Amino acid sequence: MEPTEVCKKVLLIDDDPVTNMINTKLIMREFNFIVEAYTNAQETLIHLQNLIISSPDKIPDIIFLDINMPVMDGWQFLDEFEKLPATLVEKAKIFMLTSSIDADDILKARAYGSVSDFISKPLTSNKIRLLIKEPHDEGSGVYYE
Amino acid sequence: MKSPIPKIKILHLEDSIEDADRVAYLLRKAQIDTDIKVVDTKIMYQDALRTFEPDLVISDHTIPSFSSLEAFDLLKNSKLNIPFILVTGTVSEEFAVEAMRSGADDYLLKDRLQRLPVAITGVLDKFRRNREQQKIEAVLLNIDNNSPDLICTINEKGEFMHLSAAATTMLGYQTSELVGKKYLDFVLAEDISSSTAVNASILRGNAVTMFENRYVRKDGKVIPLLWSARWDDDHKLMYCTAKDATEKKRLEQITKNEQQRLLELFLDAPAAIGLVKGPTHIYEMANPLFMEFTGRTDIIGKTTMEAFPELQPQGLNKLLDKVYRSGKTIQRKRVSLHFDRDGNGKLNEVFWDYVCQPYRNAAGEVEGVFFFAVDVTAQILTQRKIENAKKQYEDLVQDLPVAVYTCDTNGLISLYNKAATELWGRQPEIGKDKWCGSVKMIDQDGNYISHSERKMHASSNNGDSVQGTETFIERPDGTRRNIVAHSSPTFDAAGNPTGAANMLIDITEQKRLQKETLLLIENLQNKNKDLQKFSYIISHNLRAPIAKIMGIANIMGTDSSEDTELIKLIALEAENLDMIVKDINLIVAARKTELVKAETVHFCGKLNQIIQQLEPEISHSHALITSNFSRIKEIKTIKTYLYSILYNLVSNSIKYRRPETPLRIHVRTTREDSFACLSVEDNGRGIDLAKDGSKLFGLYKRFHGDAIPGKGIGLTLVKTQVESLGGRVEVESVVNQGTAFKVYLPINYGTY
Chain A
1 MEPTEVCKKV
11 LLIDDDPVTN
21 MINTKLIMRE
31 FNFIVEAYTN
41 AQETLIHLQN
51 LIISSPDKIP
61 DIIFLDINMP
71 VMDGWQFLDE
81 FEKLPATLVE
91 KAKIFMLTSS
101 IDADDILKAR
111 AYGSVSDFIS
121 KPLTSNKIRL
131 LIKEPHDEGS
141 GVYYE
Chain B
1 MKSPIPKIKI
11 LHLEDSIEDA
21 DRVAYLLRKA
31 QIDTDIKVVD
41 TKIMYQDALR
51 TFEPDLVISD
61 HTIPSFSSLE
71 AFDLLKNSKL
81 NIPFILVTGT
91 VSEEFAVEAM
101 RSGADDYLLK
111 DRLQRLPVAI
121 TGVLDKFRRN
131 REQQKIEAVL
141 LNIDNNSPDL
151 ICTINEKGEF
161 MHLSAAATTM
171 LGYQTSELVG
181 KKYLDFVLAE
191 DISSSTAVNA
201 SILRGNAVTM
211 FENRYVRKDG
221 KVIPLLWSAR
231 WDDDHKLMYC
241 TAKDATEKKR
251 LEQITKNEQQ
261 RLLELFLDAP
271 AAIGLVKGPT
281 HIYEMANPLF
291 MEFTGRTDII
301 GKTTMEAFPE
311 LQPQGLNKLL
321 DKVYRSGKTI
331 QRKRVSLHFD
341 RDGNGKLNEV
351 FWDYVCQPYR
361 NAAGEVEGVF
371 FFAVDVTAQI
381 LTQRKIENAK
391 KQYEDLVQDL
401 PVAVYTCDTN
411 GLISLYNKAA
421 TELWGRQPEI
431 GKDKWCGSVK
441 MIDQDGNYIS
451 HSERKMHASS
461 NNGDSVQGTE
471 TFIERPDGTR
481 RNIVAHSSPT
491 FDAAGNPTGA
501 ANMLIDITEQ
511 KRLQKETLLL
521 IENLQNKNKD
531 LQKFSYIISH
541 NLRAPIAKIM
551 GIANIMGTDS
561 SEDTELIKLI
571 ALEAENLDMI
581 VKDINLIVAA
591 RKTELVKAET
601 VHFCGKLNQI
611 IQQLEPEISH
621 SHALITSNFS
631 RIKEIKTIKT
641 YLYSILYNLV
651 SNSIKYRRPE
661 TPLRIHVRTT
671 REDSFACLSV
681 EDNGRGIDLA
691 KDGSKLFGLY
701 KRFHGDAIPG
711 KGIGLTLVKT
721 QVESLGGRVE
731 VESVVNQGTA
741 FKVYLPINYG
751 TY
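The listed protein sequences derive, respectively, from chains A and B. Just so you know, the first sequence maps onto residues 1 to 145 in our numbering. Just so you know, the second sequence maps onto residues 1 to 752 in our numbering.
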């Protein structure tokens, strides 16, 4: 536990509940963050839209987004996310969290303005520490870790 | 009886009938046939002089009222030129002298009249002679005045004595200006010595004819004269005639010119000319060209047998004999002759067109043979060459593995080769078949094309060129061939279309191969897609469970120290597995570069970035890294690849250093044509290339045991990425001395 850390709100979007469970535990164990996990990107989108109206203070600081998901994949989510009000988009930093190490995926992710970085699974406490240090310049341990 | 002498008409002036009768009687007695008219008055006398036309006047000296002197004067005043005989009875010596002086031709005393016939004949003879003399003189004068030739006399001293009128026309001087002058004064200076010599010879009595010298006319012009002259020693005169030789000279010049022209013709004629004479055909003359053609120099005076022994078996003598005997001209063309031109027994073939003509003398008898020859060897050899070239060309066309044919403007086939008949599957009929008419043509969609729609038709008709039209033809046996037709219009010298030269390329087989190739490419593309799918599976599906295992191991906490140890092992193995998956993905991903954009990359910037990243290792090994990118500072390439390549090579140098030697690494670029050569040289352990060279770039190959960290992917990745960029890697290394990697990369990736 690192009590000095500012309490951040983290949102996990991954269709695999096991992954969500692992990541939730990892974050909860190491950081004093509030973690929320979703297995359906579309539902997440609705949830975020609701937050803007009902309780903007609960808008997440960090979103970990998987790419390959049924119903709505990571890319489709990004497309819709970028249409949301600026208050949301500017506050929530999206990190692609995926098992993919495909160069095409990395390039594609970088093309989205809303994506802060591309992280290869598994998520580790080191990676989290790095990403909460701003700013996120390119190649921060993604390709050659 | 007719007298041989014509009647003499006598006018007798006499007043005494007796005396008149006596005279008539004497004349009859002397048998002189006369016609006598006797008058006794002045009037009758005058009348008789006019009308009687007497040949002779006999006058009595004493007639009343009329004297013989008066009668004599009347006669002299008439136009008659006849003798006047005076008859007198008594006459003094004085009177007789006076009578004779005044012109009476004779006188007789009456008592001595018997002398009359003699006197008459005498005076008549004298008058006849006089008259003849006068006639001759008149003729001579005429000649003198009218002769076109100059007639003159010259005395011993060489002075003109007399000159005919021609002197004026010839020399321009009046004769009076010349008489008494030395002729040499008028002779052209150059001819004086020859004239003097001839003059001396003439004086010695040698008559001269056709002596030519030149005079200077009064007007200064020079006139050539042709002289004949003879010396008259009695009169001490040289008689000369001279002709104006100007015309002769002109004719001579013409003749000379004509001869010169003939000679030139003979010498310079573009034909060999020669003349042989006699039954053995002895060379009388031959022009230089003949000598040149035959290579002979000394044939004049020799028989043909001697001059050209090599031609005898070739029938030369027979030919000359034939012309010589028959007197008929023989003409032959393109006769092959073999001359021993160089006199070494080696015969050279030449071809001559020749004419052999009988040569006749003035009497028309054949004396020899004239021959004219033109060497046509060059033409014949050229013609043969052209024929050969034509044959070769025809053979070439015939044997071309491509169907070739020509047609006229109507599309009628005029020429075709073997390959054409093979393609068409039939032998066309020349001048009847149109190839397109004789073979069915099908378009890409399988429809038959009518004759007029065909492009080849347009070509032969309009002079338009058809290049590379693809179509199908159907042979008589029903098989179809895919062809490409090329048709070029042909034109005559005036530029009118004459048809077309056509080429048909059978691409059936080519098309089949093309299809096979396309199929092969498709298969490869599919395989490649499979590989990419595999890469995708690795990067997504295979990695997902590994990542989860790693995550779980990460968050698992337990009290049992044994379990903790085991969980650490699981986490380690999961990491190893993950690394392998990532490596495989890297290598597979490096093969597909098409999505990655090339950009300008600075060598210096990349090296600094790497030095920064490798900082802990560099300080630990005390490595000194130097660089020189002055030759090539930047290239256009894929940034991440270049980074990876340089990173791997530098980190290799650090890993495989010699522990006891301070590490030196030198990185530099040089230019090699359109490539940049990036070399990384170190003084490390080196690689035994003889032993390990072939495995150097293999996946998971390591050469230095476990003491050095590494997974054996670095060089594999370097090689894969370099090749993906269109380059190559070379390595030079000596064990315990060092290694130099040279990476050749296109300076401008993307144009490759």
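Glycine included, C-beta positions come from ideal geometry on N, C-alpha and C. Given the structure is predicted, the values throughout are model-derived calculations rather than measurements.
- At a cut-off of 8 Å, the C-beta of P70(A) has no neighbouring C-beta in chain B.
- Excluding five sequence positions before and after L251(B), none of the CB atoms of its chain fall closer than 7 Å to its own CB.
- The DSSP assignment places complete beta strand (DSSP E) segments of no fewer than 3 residues inside the segment 8-96 of chain B at 8-13, 34-39, 56-60, 84-88, in order along the chain.
- Cβ-Cβ distances below 8 Å link Q314(B) to L337, H338 in the same chain, with the five nearest sequence neighbours on each side left out; the list follows chain order.
- One thing to note: R658(B) has its Cβ no nearer than 8 Å to the Cβ of S621(B).
- One Cα belongs to I254(B), the other to A269(B), and the distance between them is close to 21 Å.
- When beta bridges are read from the DSSP output, S336(B) appears opposite F351(B).
- Secondary structure at C7(A): coil, using DSSP grouped into helix, strand and coil.
- Taking CB atoms only, T124(A) has a neighbour in chain B less than 8 Å away.
- In the DSSP assignment, R230(B) falls within the unbroken beta strand (DSSP E) covering 222-232.
- Using a Cβ-Cβ cut-off of 9 Å, A598(B) is close to nothing in chain A; its nearest Cβ partner there is about 14 Å away.
- In the pairwise beta carbon analysis, the segment 78-96 of chain A is classified as touching the segment 114-128 of chain A: at least three pairs are separated by under 8 Å.
- Put simply, the backbone Cα of E90(A) is about 16 Å away from that of L131(A).
- Comparing alpha carbon positions, the residue from S488(B), F186(B), T241(B), I154(B) closest to A200(B) is I154(B).
- Taking the C-beta atoms as reference points, C677(B) is found nearer than 8 Å to K742(B).
- For T39(A), the nearest beta carbon of chain B is not closer than 8 Å to its own beta carbon.
- Following the DSSP letters along the chain, one finds N199(B) inside the alpha helix (DSSP H) bounded by residues 192-203.
- The alpha-carbon of S326(B) is positioned some 11 Å away from that of V369(B).
- Neighbourhood of V18(A) in chain B, by CB distance below 7 Å: K548, in chain order.
- Only those residues of the segment 627-651 of chain B whose C-beta falls short of 9 Å from the nearest C-beta of chain A are listed: T640, Y643, S644, Y647.
- Using a CB distance below 8 Å, the part of the segment 19-38 of chain A facing chain B consists of T19, I22, N23, K25, L26, R29, ordered along the chain.
- For I119(A), none of the residues of chain B pass the 8 Å Cβ criterion, the least Cβ distance being about 11 Å.
- Looking at the DSSP output, E159(B) bridges to K182(B).
- For I13(A), the closest Cβ of chain B is not nearer than 8 Å.
- At least 8 Å separates the beta-carbon of V39(B) from that of A30(B).
- Per the C-alpha coordinates, the member of E284(B), L566(B), N410(B), L646(B) positioned closest to P497(B) is N410(B).
- Taking a cut-off of 8 Å for Cβ pairs, the segment 114-129 of chain B and the segment 65-73 of chain B do not touch, as fewer than three such pairs fall below it.
- Fewer than three beta-carbon pairs drawn from the segment 570-581 of chain B and the segment 602-610 of chain B are found closer than 8 Å, and the two stretches are therefore not classed as touching.
- Close partners of I101(A) in chain B (Cβ separation under 7 Å): S539, R543, K582, N585.
- Between I32(B) and D55(B), the CB-CB gap reaches or exceeds 8 Å.
- In terms of beta-carbon proximity, N736(B) stays away from the interface with chain A, with every pair separated by 8 Å or more.
- Only residues of its own chain outside the window of five on either side were considered, and among them I538, L542, R543, I546 have a CB closer than 7 Å to the CB of V581(B), listed in chain order.
- By the criterion of a C-beta distance shorter than 6 Å, H666(B) is surrounded in its chain by T626, E681, once the five residues flanking it on both sides are discounted.
- Cβ contact annotation for R475(B) (same chain, cutoff 6 Å, sequence separation greater than five): G425, in chain order.
- The Cβ of N554(B) sits closer than 8 Å to at least one Cβ of chain A.
- Counting along the chain, the unbroken beta strand (DSSP E) around P746(B) starts and ends at 738-746.
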